[in-house]
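A quick write-up on the structure given underneath.
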Amino acid sequence: MGRTQRTRSRKKSSQFVQNMDHEETLINLRKFLARNGCNDEVNLKLRNFPQTGRGLATTKNLHENDILIKVPYDLMITYATLKRLNFLQIFTPSSKLTIQDLLTTFLIFERHKNDSFWRDYITSLPSHPPWLPALLSEHHCELLPVDLRLAAKKSRRLLEESWSRVKGSIKQGWTCSCCGMKVDRVFDLHSFTWGFILVNTRAVYVDPGVVGEGGGGVLSDEPCMALCPFLDMFNHSDKAKCSAELKYEEGKLFYQLTTLTSYKKYEQVFISYGGHDNVKLLMEYGFFIPGNCNDCISIQSEEVFRVLRLGLGEGQYRFINRHDLNKELFVGESGPSFNLKGFLFVASSSASEVKDFASVVYTDSYPEEFLKSEMKDMCRKLLLCEMAKVEESLRGLKVLKVNSVIIDFLNCRHDFIKKLCEML
1 MGRTQRTRSR
11 KKSSQFVQNM
21 DHEETLINLR
31 KFLARNGCND
41 EVNLKLRNFP
51 QTGRGLATTK
61 NLHENDILIK
71 VPYDLMITYA
81 TLKRLNFLQI
91 FTPSSKLTIQ
101 DLLTTFLIFE
111 RHKNDSFWRD
121 YITSLPSHPP
131 WLPALLSEHH
141 CELLPVDLRL
151 AAKKSRRLLE
161 ESWSRVKGSI
171 KQGWTCSCCG
181 MKVDRVFDLH
191 SFTWGFILVN
201 TRAVYVDPGV
211 VGEGGGGVLS
221 DEPCMALCPF
231 LDMFNHSDKA
241 KCSAELKYEE
251 GKLFYQLTTL
261 TSYKKYEQVF
271 ISYGGHDNVK
281 LLMEYGFFIP
291 GNCNDCISIQ
301 SEEVFRVLRL
311 GLGEGQYRFI
321 NRHDLNKELF
331 VGESGPSFNL
341 KGFLFVASSS
351 ASEVKDFASV
361 VYTDSYPEEF
371 LKSEMKDMCR
381 KLLLCEMAKV
391 EESLRGLKVL
401 KVNSVIIDFL
411 NCRHDFIKKL
421 CEML
């Protein structure tokens, strides 16, 4: 889940920072926030930056622990909002929907209304669904490397399952209270895709315990997601640090965002969505960051056996499965993951060489020859295999002229794999 969607493109129309504060949608959004008690603590300015697109710049030097924004909880779109407005009445009593299902449906219906309280916020949102790999056709999806393909299919499945749940839960004969339209004229797959992706890329986490919200009724999970006006103007950086919390001030609850990173006057202010690698960023938010310090290349356990032609004895198989060493296999700039290192050691060792795998793996006391030569050679072979898959995907996708973001991502991934090979 996330706050925003930004398409990082290398083809920019301008290399200069452009002022966007004059846009009518932003002016109306700021007025909406101001009249409802939202404090712009540092007078942030909306700008179009060459590398990230739309983002926020500070008008003064910012220091660690400076408050960036403080939004009244009542101004956010939450589960409490839906209950307060009796929105849940449109669903059959037996419905079981997730908080994302509910927020998506609410956002769609509020966009349809002419007199929505959140009209200025909703107008500031993109009118078309931001592009995500989940929107790739099945044929295009099959051309992706396996980890991307599986992630894209999972995202697509979650969207389709959400649509099916909501469509089957709205009461038959429901009509819009503002215009009398039937549900199928207000609510279709296209509008649902728009709402689902916007909620997925913009929603923030709220602790149900802090706000005293429980589940039950039509809600099948925790009411832990909310939409926060203006917050989605911030861009993500892998180097940014911030804290978000719900705080009471003079008896009123606020969502407060605090920077833990310093910024100079006029610099873009970033927030962190979490320590995500580029695959996660692309799948969840539709962008990636070249040079992302959290990036890594995932390796499937099946590929380890296929590429390295390894076979497991009964003892090796039991140890790997008992300790879940066949999961979380990846290579990053710091080298192979803990599990991949252990997996390679156990799988490439013979029973006569090692009597106690645990004493080696969990004390990090690997033989010097394994660390300096064998492990690096095996990782390099696995990475070169991944590079070949990326090259194959690029050849197929370029012919089909798919969205440029996925092409840029694969080129970046190719460069990253090459860098990792050189670092080993």
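Residue numbers (full-length UniProt numbering): 1 to 424. Don't be surprised by glycine CBs; every beta carbon is placed ideally from N, CA and C.
Exercise for review: Going by DSSP, name the residue or residues bridged to K389.
Suggested key: BP columns for K389 are empty, so no partner.
Review point. Around the Cβ of M225, are there at least 16 other Cβ atoms within 10 angstroms (buried) or fewer (exposed)?
Key: Buried, by the Cβ-count rule.
Review point. Is DSSP giving H236 helix, strand or coil here?
Key: The answer is strand: DSSP assigns H236 an E or B state.
Check your understanding: When DSSP labels each residue in this structure, what does T259 get in the three-state scheme?
Key -> If DSSP states are grouped into helix, strand and coil, T259 belongs with the strands.
Point to revise | G212 - DSSP class collapsed to helix/strand/coil | key: If DSSP states are grouped into helix, strand and coil, G212 belongs with coil.
Point to revise | Cβ neighbour criterion (16 or more within 10 Å) applied to L148 | key: So L148 counts as buried.
Review point. Any contact of the stretch 108-126 with the stretch 26-41, i.e. 3+ C-beta pairs under 8 Å?
Key: Contact between the stretch 108-126 and the stretch 26-41 is present, with at least three C-beta pairs closer than 8 Å.
Exercise for review: Output the distance between the C-alpha atoms of K182 and I90, rounded to the nearest integer angstrom.
Suggested key: Distance between the alpha carbons of K182 and I90: 12 Å.
Check your understanding: Do V399 and the ligand SAH come close, with the Cβ less than 8 Å from some heavy atom?
Key -> Inclusion of the ligand SAH in the displayed structure is not the case, the ligand content being empty and no account of it being possible.
Point to revise | Unbroken alpha helix (DSSP H) run spanning A347, endpoints | key: Taken as a continuous stretch (DSSP letters only), the alpha helix (DSSP H) holding A347 covers 338-348.
Exercise for review: Please state whether DSSP places S298 in a helix, a strand or coil.
Suggested key: Shown here, S298 sits in a strand according to DSSP, grouped into three states.
Exercise for review: Please state whether DSSP places L56 in a helix, a strand or coil.
Suggested key: In this structure, L56 counts as strand in the three-state DSSP scheme.
Point to revise | Alpha-carbon spacing of N65 relative to V146, whole angstroms | key: Rounded to whole angstroms, N65 to V146 spans 41 Å at the Cα level.
Practice item. For T193, collect the residues of the same chain with a Cβ closer than 6 Å to its Cβ; drop the 5 residues on either side in sequence, then sort them by chain order. Key: Answer for T193: P129, listed in chain order.
Practice item. Hey, could you find the ends of the beta strand (DSSP E) N48 is sitting in? Key: First-last of the beta strand (DSSP E) with N48: 45-49.
Point to revise | Three-way DSSP call (helix, strand, coil) for N278 in this model | key: N278 falls in the helix class under three-state DSSP.
Review point. With 16 as the cutoff for other CB atoms within 10 Å, does L85 come out buried or exposed?
Key: Taking all protein chains shown into account, L85 has fewer than 16 neighbouring C-beta atoms within 10 Å of its C-beta and is therefore exposed.
**Study point:** Same chain only: Cβ atoms within 7 Å of F106, ignoring 5 sequence neighbours per side
**Key:** Non-local C-beta neighbours of F106 in its own chain, meaning closer than 7 Å and more than five positions away in sequence, comprise I77, L82, F87, ordered along the chain.
Practice item. Select from S393, L102, K341 the residue whose C-alpha is nearest the C-alpha of K372. Key: By alpha-carbon distance to K372, the top candidate from S393, L102, K341 is K341.
**Study point:** Per DSSP, cross-strand counterpart(s) of Q18
**Key:** Answer is N48, bridged to Q18.
Check your understanding: Under the rule that 16 or more other beta-carbon atoms within 10 Å means buried, what is Q18, buried or exposed?
Key -> Around the C-beta of Q18, fewer than 16 other C-beta atoms lie within 10 Å, and the residue is accordingly described as exposed.
Check your understanding: Which first and last residues belong to the alpha helix (DSSP H) in which Q316 is found?
Key -> Start and end: 314-322.
Review point. Cα-Cα, which of S393, A57, N321, E250 is closest to A358?
Key: From the listed residues S393, A57, N321, E250, the smallest Cα separation to A358 is found for N321.
Exercise for review: Look up K96 in the DSSP assignment and say whether it is helix, strand or coil.
Suggested key: In the structure shown, K96 sits in coil (DSSP, three-state: anything other than H, G, I, E or B).
**Study point:** Reduced DSSP category for S243 - H, G, I as helix; E, B as strand; rest coil
**Key:** Secondary structure at S243: strand, using DSSP grouped into helix, strand and coil.
Exercise for review: Could you pull the start and end residues of the alpha helix (DSSP H) that L68 belongs to?
Suggested key: First-last for L68: 67-72, but that is the beta strand (DSSP E), not the alpha helix (DSSP H).
Review point. Are Y79 and L253 closer than 9 Å when you measure CB to CB?
Key: No.
Check your understanding: What's the gap between the Cα of M1 and the Cα of T258?
Key -> Annotation note: pLDDT 38 at M1 (below 50); position unreliable, coordinate value reported separately. Going by the C-alpha atoms only, they are around 20 Å apart.
Check your understanding: On the three-state DSSP scale, how would you describe A226?
Key -> Of the three classes helix, strand and coil, the one that applies to A226 here is strand, per DSSP.
**Study point:** G209 versus T201 - alpha carbon distance
**Key:** Computed Cα separation, rounded: 23 Å.
Practice item. Thinking F305 and F345 are a contact (beta carbons under 8 Å), I'd like their distance in whole angstroms, please. Key: Contact flag wrong, Cβ pair sits at about 15 Å.
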